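Encoded as structure tokens, the structure appears first; notes follow it.
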Ligand code: HEM
Ligand SMILES: [Cu+2]
Ligand SMILES: [Cu+2]
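Residue numbers (our numbering), protein chains in the order written: chain Z, 19 to 365; chain H, 138 to 688.
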């Protein structure tokens with residue numbers, strides 16, 4: 019429950035505890051040192067206050083050992099803080115492989131979330147408890163920053179570039195979402211809630227998706243922009259085969275090798291001339307200004323779904339929820355279950 | 138015997154001579170002056186005025202934040218107010234305040250020089266400052282600006298429809314005034330020291346100002362470049378920072394902080410300069426670990442250039458660059474810690490006076506320590522992810538810049554007031570306001586650490602109800618703080634007319650500025666001083682003063 023005088027936000031993620039532990043340790047250590055300094059200042063100020071018999075102070079030659087001690091000891095302590103902080107940071111930054119994928123778009127002044135199963139929400143995000151969730155996000159305009167205080171994670175959302183963050187909620191309930199980077203007039207209204215549900219309720223909630231999975235929506239975008247005229251899926255076509263591209267290394271005509279991550283794919287769509295895959299001509303037109311941020315995320319989900327399925331990277335809960343979705347009437351083409359070949363060949 | 142000598146020095150009333158204040162009374166004798174002391178006073182008046190302008194915006198923000206709803210100001214007005222508060226306080230107060238007002242006045246005298254190396258350039262620097270400030274005031278009266286003092290792109294270049302161009306132009310011009318001041322200080326320190334005043338006899342004030350000037354000269358041009366790029370993109374639409382036209386928004390953040398992190402040391406090193414002088418004067422003792430304190434200023438100047446990306450830990454820099462910048466941020470805290478320890482140790486077996494400047498010094502040590510250790514929290518990556526862009530950061534830098542720099546500014550003004558004006562301020566009123574400032578400050582800003590950790594983002598016009606209690610405390614504190622800042626305005630002006638006359642050396646302090654009359658003559662010294670004593674060497678200084686007992 020929310021008290022009137024809270025000292026901590028709720029601890030509702032796997033990393034919250036380790037952030038708070040470091041924080042409390044620092045409060046205690048630095049608090050103790052600060053206290054010692056203040057006590058020394060006050061004690062000296064009173065003990066050695068100016069009196070007629072000490073109009074002039076006694077000169078003391080500073081011992082070198084003392085100077086070195088208070089240079090080196092704090093230095094060591096500070097480096098210790100650095101190491102601990104970096105260790106926590108690694109936990110915060112590195113998403114586990116089996117995370118549930120969610121896509122987010124920030125714009126003045128709202129958050130839009132898209133789920134792999136096709137649900138879209140504004141300023142509200144539903145996630146299951148005890149399950150890592152990875153958010154891939156971009157901004158449609160200025161820099162925003164997505165912050166979940168109760169999860170102790172935050173990440174700037176940049177225009178024209180994908181950023182990712184992840185968390186694993188440990189408590190069901192409703193928690194704040196804030197935009198942390200100033201973004202204009204209604205910055206303080208760019209807020210919302212994350213609703214952490216137990217897996218069963220979450221599955222029920224997911225079942226409400228009317229528009230088909232994000233990947234299948236992406237497939238429609240793929241067709242709408244006629245990407246398939248060149249990317250036919252045939253190795254001899256004018257455009258490279260996209261199935262299995264995501265996460266793979268790509269050889270460029272420049273001789274460099276890059277990993278086809280989210281930002282590479284994004285750039286290949288919006289600024290195709292920037293990097294040309296070796297063996298192909300620079301003939302792809304740019305889609306800058308034609309594809310919206312949300313459609314880009316759909317395309318991304320679609321291209322990722324073309325990857326040969328791996329057992330750990332299923333975006334849905336372990337107890338094969340695809341059947342669950344099907345039985346509740348959602349479309350059957352969940353990205354994890356449909357085989358890439360099938361998807362690629364759909365008319 | 139010694140106390141007898143001190144008494145002589147403190148109260149020997151110099152015969153009324155011509156001094157820099159009474160040589161001429163005309164308006165142009167001020168506006169066209171080349172005297173570093175008069176230019177110092179021009180700065181003193183301008184920066185203090187800007188301080189109250191910035192303070193007005195702060196106070197309005199605190200009133201708005203009394204309630205969670207955004208009810209007093211509109212969102213746009215609130216956003217403009219925090220932007221203007223930041224810009225006025227940083228560019229027009231904190232950066233120029235101590236170097237411009239106190240540095241200009243005192244530094245040449247401390248060196249035993251007649252003036253700075255380039256008096257005309259010094260006057261030019263004040264005019265550049267003033268032109269920049271006029272741009273600032275123009276923006277304020279014609280509708281304001283809402284980008285935050287950080288001008289992050291692409292918001293500032295493509296989305297804001299407020300007066301961004303005029304504001305950045307103002308900041309750009311003011312930057313040159315800093316550069317000219319820095320140039321003057323460096324050359325003067327190298328070339329114009331009195332006979333006998335070797336580098337290691339320099340007051341620590343000079344060391345710190347020197348380090349500040351180095352940072353100013355190296356970093357400010359980067360700000361100028363960054364602001365020009367910003368203006369070019371905004372007016373001509375050339376894609377530099379806006380990704381939709383081919384730019385990179387994070388590049389802006391790198392460039393901005395490459396200046397602005399060193400700039401935080403442009404703001405704090407002069408404060409450390411003042412504190413070192415006041416500690417020595419009000420403990421009547423050589424600053425403990427003189428060489429360590431002196432070198433720590435240079436270490437700060439150097440390291441301050443290596444930590445800028447700690448403002449970008451969640452902006453998308455790689456894991457490894459985050460690690461490097463976190464590590465460097467920890468190192469930059471060491472020289473600050475050295476200073477705190479040495480100042481505290483100076484008080485050991487000292488003759489500590491409880492006069493106002495010393496009260497500010499004690500306040501400074503208390504507050505700067507909190508500001509510094511919370512910098513460690515921010516430098517620790519795992520914590521920064523959570524508290525970045527929250528009230529925790531707001532509180533951290535106010536502890537440094539208000540608890541540090543403003544406290545030191547007030548300490549310095551009280552300390553050198555008798556030298557500048559020839560009059561004493563009323564001690565008890567001054568003590569009262571120092572106390573109000575200390576209490577008010579803590580009440581204002583301590584709750585912000587908590588509310589930031591609990592989850593209140595910065596730059597929020599309206600906030601979640603559970604943050605209210607802490608915000609009300611903060612606003613209450615701001616009221617006390619406001620009284621603490623207004624009181625000195627009243628009694629200092631009063632003292633110009635009714636204050637007790639000050640002798641040459643009312644504190645019994647060591648330093649060339651106390652070896653000349655109060656106020657000093659136009660040429661600073663009646664005869665060129667020769668320095669025979671080490672820095673802060675009380676017995677030797679007093680002996681030298683007795684021998685050359687000037688008339
Ligand atoms: C003791 C050494 C210090 C360390 C390790 C340190 C560390 C940091 C870090 C990591 C941040 C970024 C926080 C964030 O935005 O997430 C920060 C912010 C800031 N610090 Fe410090 N700091 C120190 C001293 C100072 C000093 C001496 C000053 C000023 C004179 C200062 C002024 C600021 C300002 C103005 C900001 C916030 C800027 C903004 O975001 O608007 N800091 N500090
Ligand atoms: Cu925002
Ligand atoms: Cu910094």
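Ideal Cβ positions, reconstructed from N, Cα and C, are used throughout, including at glycine. Everything numeric in this text was worked out from a predicted model, so none of it was measured.
C-beta neighbour in chain H for residue i, strict 9 angstroms
i: residue 340 of chain Z; result: In this predicted model, residue 340 of chain Z has a pLDDT of only 39, less than 50, meaning its place in the structure is not dependable; the value taken from the coordinates is given anyway. Residue 340 of chain Z does not count as touching chain H.
i: residue 126 of chain Z; result: yes
i: residue 290 of chain Z; result: no
i: residue 279 of chain Z; result: no
i: residue 306 of chain Z; result: yes
i: residue 100 of chain Z; result: yes
i: residue 270 of chain Z; result: no
i: residue 316 of chain Z; result: no
i: residue 131 of chain Z; result: no
i: residue 76 of chain Z; result: yes
For residue i, the three-state DSSP class (helix, strand or coil)
i: residue 163 of chain Z; result: strand
i: residue 144 of chain Z; result: strand
i: residue 84 of chain H; result: Since the first and last residues shown for chain H are 138 and 688, residue 84 of chain H lies out of range.
i: residue 368 of chain H; result: helix
i: residue 208 of chain Z; result: coil
i: residue 137 of chain Z; result: coil
i: residue 200 of chain Z; result: coil
i: residue 340 of chain Z; result: Interpretation of residue 340 of chain Z is limited by its pLDDT of 39, a score under 50 that renders its predicted location unreliable; the figure taken from the coordinates is listed afterwards. Helix.
i: residue 174 of chain Z; result: strand
Minimum Cβ-Cβ distance from residue i to chain Z less than 9 angstroms
i: residue 281 of chain H; result: no
i: residue 252 of chain H; result: no
i: residue 603 of chain H; result: yes
i: residue 262 of chain H; result: no
i: residue 177 of chain H; result: no
i: residue 464 of chain H; result: yes
i: residue 460 of chain H; result: yes
i: residue 676 of chain H; result: yes
i: residue 420 of chain H; result: yes
i: residue 426 of chain H; result: yes
i: residue 163 of chain H; result: no
Same chain only: Cβ atoms within 8 angstroms of residue i, ignoring 5 sequence neighbours per side
i: residue 200 of chain H; result: 209, 612
i: residue 30 of chain Z; result: 168, 169, 187, 188, 189, 191, 193, 214
i: residue 270 of chain Z; result: 276, 293, 294, 295, 296
i: residue 106 of chain Z; result: 33, 36, 37, 40
i: residue 176 of chain Z; result: 156, 157, 161
i: residue 669 of chain H; result: 333, 677, 681
Distance cut-off 8 angstroms: residue i Cβ against heavy atoms of ligand 3
i: residue 598 of chain H; result: no
i: residue 397 of chain H; result: yes
i: residue 447 of chain H; result: yes
i: residue 689 of chain H; result: A question about residue 689 of chain H goes unanswered here, because the residues of chain H that appear run from 138 up to 688.
i: residue 51 of chain Z; result: no
i: residue 401 of chain H; result: yes
Residue i: CB within 8 angstroms of a non-hydrogen atom of ligand 2
i: residue 452 of chain H; result: no
i: residue 194 of chain Z; result: no
Cβ-based neighbour list, residue i, same chain, cut-off 6 angstroms, excluding 5 preceding and 5 following
i: residue 417 of chain H; result: 424, 673
i: residue 571 of chain H; result: 493, 496, 497
i: residue 304 of chain H; result: 276, 282
i: residue 27 of chain Z; result: 167, 168
Beta-carbon contacts of residue i that lie in its chain and below 7 angstroms, excluding the five residues immediately before and after
i: residue 533 of chain H; result: 508, 511, 512, 515
i: residue 462 of chain H; result: 444, 446, 447
i: residue 205 of chain Z; result: 127, 197
Test: residue i CB closer than 9 angstroms to a CB of chain C
i: residue 377 of chain H; result: As a matter of chain content, chain C is missing from the structure shown, whose protein chains are Z and H.
- Query: Whose CB is closer than 6 angstroms to a heavy atom of ligand 5? List the residues in chain order.
  - Reply: Absent from the structure shown: ligand 5. Ligands present: ligand 1, ligand 2 and ligand 3.
- Item | chain Z contacts from the region 498 to 515 of chain H (Cβ-Cβ distance under 7 angstroms) | 499, 502, 503, 506, 507, 510, 513, 514
- Message: Under 8 angstroms, CB to CB, which of the residues in the region 171 to 201 of chain Z have a partner in chain H?
- Response: 171, 172, 173, 174, 176, 177, 178, 179, 181, 194, 196, 197, 198, 199, 200, 201
- Message: To be precise: take each residue of the region 398 to 413 of chain H, compare its Cβ to all Cβ atoms of chain Z, and keep it if any distance is under 7 angstroms. Which residues remain?
- Response: none
- Give the residues from the region 571 to 601 of chain H that approach chain Z closer than 8 angstroms (Cβ to any Cβ), ordered along the chain. 587, 590, 591, 592, 594, 595, 596, 597, 598, 599, 600, 601
- Task: Could you run through the region 191 to 221 of chain H and flag, in chain order, every residue whose CB is less than 8 angstroms away from some CB of chain Z?
- Result: 207, 212, 213, 216
- Going along the chain, which residues of the region 107 to 120 of chain Z sit with their C-beta nearer than 9 angstroms to a C-beta in chain H? 107, 108, 109, 110, 111, 112
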